[in-house]
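In this note's numbering, the protein residues as written are 18 to 392.
Cβ coordinates follow ideal geometry from the N, Cα and C atoms, glycine included.
In this text, all values refer to a predicted model and were calculated from it rather than measured experimentally.
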């Protein structure tokens, strides 16, 4: 019989983590709770681990037998280097969480080819991996201490929402069971397939398809100082340019999967765009009539896929506060020249600034087209 530890009564979480890590490192199977179901885990690099899980996992047509659990979304490109932009967005926004992704693994640099043969065979089917980062803290803490990824098996067609349900299906094949009571959602994990630059729902679970669609949106964020002149003009003009690319009206861009926003490093919330900025943007097809200023926040930085700043100082300030956003922050000007600040100037200065912004945006569109959702 496996050892069963009730996490709700355990007085030393660190001891539980060490026990679970030791069992995994030795190639044994451990039952973990997730937010949706209970799963059986084994270390992907341990000899014989995949074979222990092979007979326990539910099978789905054209899908891998086992799931690969990662420590964080930052690792996804190590295993799926060909992951399209929409997949990178979803991995950053959905994980940790109750979403599993079928992603392409057919890339010579994928780390899957460094795993033991038995693990590779169980993880790959039709050139795809199934990846997941469950949102339960116990598995996350164990993976921090374990070298390499973890294999997950999900027995049965219906999710096991209690440890007892899973143990009845595992038939004594596990060494350790971590029991945390009924799972939080007690529903299946949602499984999506990322293909080209789009996704499709393979098996809907706790996360609905419409929710995934919103999370898959491309978010472009423009940043200046006060969010009343330069970044709002960039936001309005860019929305018009995207609408032309997608063949829709500017007010329909959000529905087509592109979120355009702006913020200021020193902005007050709720202020309107300056009158001259409204007029200058309108001359280029941008509508700032309903603009309300907002400060740059950690949430905005975390959600944005592309952050374009008006000056080098804005970029440096963002990177100083949010270094993890380094790969997503750039100056609006491809030549890295500051956009002139029209604040307090006449309308002609605003027009000059708007034309400068428009030119930079047109130059940027060639690179951003590939990130736009497939229509």
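CA-to-CA distance, residue j to residue i, given in whole angstroms
i: residue 302; j: residue 253; result: 8 Å
i: residue 239; j: residue 279; result: 4 Å
i: residue 289; j: residue 202; result: 42 Å
i: residue 293; j: residue 258; result: 21 Å
i: residue 61; j: residue 165; result: 7 Å
i: residue 142; j: residue 134; result: 13 Å
i: residue 323; j: residue 84; result: 30 Å
i: residue 442; j: residue 36; result: With the chain covering 18 to 392 only, the question about residue 442 has no answer from this structure.
i: residue 273; j: residue 263; result: 8 Å
i: residue 336; j: residue 380; result: 23 Å
i: residue 20; j: residue 212; result: 41 Å
i: residue 214; j: residue 275; result: 13 Å
i: residue 105; j: residue 217; result: 15 Å
i: residue 144; j: residue 52; result: 28 Å
i: residue 200; j: residue 55; result: 8 Å
i: residue 77; j: residue 241; result: 49 Å
i: residue 27; j: residue 154; result: 14 Å
i: residue 229; j: residue 101; result: 16 Å
i: residue 87; j: residue 304; result: 43 Å
i: residue 404; j: residue 225; result: With the chain running from 18 to 392 in the structure shown, residue 404 is simply not present.
Option in the options with minimal Cα separation from residue i
i: residue 341; options: 355, 351 and 318; result: 318
i: residue 180; options: 339, 24 and 37; result: 24
i: residue 82; options: 52, 136, 46 and 105; result: 136
i: residue 221; options: 214, 268, 204 and 18; result: 204
i: residue 363; options: 309, 261 and 297; result: 297
i: residue 42; options: 355, 91 and 168; result: 168
i: residue 349; options: 367, 337 and 330; result: 330
i: residue 129; options: 232, 163, 107 and 93; result: 93
i: residue 237; options: 39, 389 and 163; result: 389
i: residue 110; options: 266, 376 and 231; result: 231
i: residue 247; options: 224, 178 and 356; result: 356
i: residue 63; options: 39, 52 and 182; result: 39
i: residue 157; options: 114, 44, 287 and 359; result: 114
i: residue 74; options: 102, 173 and 325; result: 173
i: residue 123; options: 66, 369, 97 and 147; result: 97
i: residue 219; options: 99, 346, 306 and 117; result: 117
i: residue 386; options: 284, 72, 255 and 361; result: 255
i: residue 190; options: 69, 277 and 89; result: 69
i: residue 95; options: 65, 132 and 71; result: 132
i: residue 321; options: 309, 347 and 225; result: 347
i: residue 284; options: 210, 22, 314 and 151; result: 314
i: residue 32; options: 208, 195 and 286; result: 195
Exposure of residue i, with buried meaning 16 or more beta-carbon neighbours within 10 Å
i: residue 420; result: Not covered by the structure: residue 420. The range shown for the chain is 18 to 392.
i: residue 281; result: buried
i: residue 351; result: exposed
i: residue 354; result: exposed
i: residue 185; result: exposed
i: residue 176; result: buried
i: residue 171; result: buried
i: residue 328; result: buried
i: residue 162; result: exposed
i: residue 376; result: exposed
i: residue 46; result: buried
i: residue 160; result: buried
i: residue 384; result: exposed
i: residue 112; result: buried
i: residue 126; result: exposed
i: residue 343; result: exposed
i: residue 251; result: buried
i: residue 80; result: buried
Identity of the residues DSSP links to residue i by a beta bridge
i: residue 38; result: DSSP, once it has assigned bridges, lists no residue as partnering residue 38.
i: residue 22; result: 195
i: residue 86; result: 149 and 167
i: residue 374; result: In DSSP, residue 374 forms no bridge with anything.
i: residue 211; result: 216
i: residue 312; result: 281
Minimum Cβ-Cβ distance from residue i to chain D less than 7 Å
i: residue 228; result: Included in the structure is just one protein chain, with no chain D present.
Residue i Cβ short of 6 Å to the ligand GTP heavy atom set
i: residue 317; result: What this structure holds is no ligand at all, so the ligand GTP is not there to describe.
TODO: Please go through the segment 144-186 and give each complete beta strand (DSSP E) segment of 3 or more residues, from N-terminal end onward.
DONE: 145-149 and 167-170
Check your understanding: Which runs of the alpha helix (DSSP H), 4 residues or longer, sit entirely within the segment 229-307?
Key -> 247-263 and 292-299
Minimum length 4: unbroken alpha helix (DSSP H) runs contained in the segment 96-146:
102-111 and 134-140
request  = Within the segment 45-75, note down every full alpha helix (DSSP H) run reaching 4 residues or more, in order along the chain.
outcome  = 66-71
Ignoring anything shorter than 3 residues, give me the beta strand (DSSP E) runs that lie fully in the segment 316-366, in order along the chain.
323-326 and 346-348
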